[in-house]
Amino acid sequence: MMRAVLRPLAVLSLAVLLGACTSPAPKKAVVAPKPVPVSQPVVVAAPDPDAVVQSDAALPTPVFDEQYHGPDQGSLESVTALFARGYLESALRETMLAAVQTDYPLLGMRDVRMSDPVSKFLSSPKASQLANDYLRAGVERRLGHSLSTGQWQQIWQGLPKQGRVSDWTLQLKRVLAGR
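Those letters in the sequence shown? Residues -27 to -1, 1 to 152, by mature numbering (1 follows the signal peptide of the UniProt record, and there is no 0).
As structure tokens, this is what we get:
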């Protein structure tokens, strides 16, 4: 009886041994060891008091500056440059800003809209004269030649004094188009 029990046990053992021999053993992944950085002491050279500094090496590198360096907003240079480029809406807004700042210096460009009445900005003779001067300079720059006093007075009188800033823009566009 013992033989009957041993025989299946022997067959089972043989099957396990044969199975182990025929199937490949699972391989572990080989990981390369990471190199350990060697920390070296930082050596700072002492300045040589007898060294000669070359001027090219001593100049600092230029720093990029993102600020705008053009003419100031609301200045005559800015208004004439805008007229020259054909940006009449912006030129009129800056003209009105410059005019109103003669009486109210704390106002800014956000306070000037195309839908605002012109009388809001030309509230004093000084503001009106400044707008007159700025617009004349701008129109002359856009046309490329000077205007006589009579020609300019005709243009100035044609601007609707009770109109909006956008009305002045349309009238100046007509003047510049030769209509």
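We put the beta carbon where it would ideally sit given N, CA and C, even for glycine.
All values reported here derive from a predicted model rather than from experimental measurement.
Considering only their Cβ atoms, is the gap separating residue j from residue i smaller than 8 angstroms?
i    : j    : result
P100 : V138 : In the sequence as displayed, the identity of residue 100 is Ala instead of Pro. Not in contact: A100 and V138 (Cβ atoms no closer than 8 angstroms).
V85  : G136 : no
G47  : A18  : no
What's the gap between the Cα of residue i and the Cα of residue j?
i      : j      : result
L49    : Y60    : 14 angstroms
L145   : L65    : 10 angstroms
R114   : T68    : 15 angstroms
P(-20) : V(-12) : 12 angstroms
L(-14) : L(-22) : 12 angstroms
P133   : R109   : 16 angstroms
Q102   : G81    : 20 angstroms
D106   : P78    : 19 angstroms
L120   : Q126   : 10 angstroms
Keeping to the same chain, check which residues put their C-beta closer than 8 angstroms to that of residue i; ignore five residues upstream and five downstream.
i    : result
T142 : L61, E62, L65, M87
Using a Cβ-Cβ cutoff of less than 6 angstroms, which residues in the same chain neighbour residue i once the five nearest sequence positions on both sides are dropped?
i    : result
V148 : I128
D89  : V138
S97  : D76
For residue i and residue j, which I take to be in contact (beta-carbon distance under 8 angstroms), what is that distance rounded to the nearest angstrom?
i    : j   : result
G111 : V52 : 5 angstroms
Going by other Cβ atoms of all chains shown within 10 Å of its Cβ, with 16 needed for buried, is residue i buried or exposed?
i  : result
A5 : exposed
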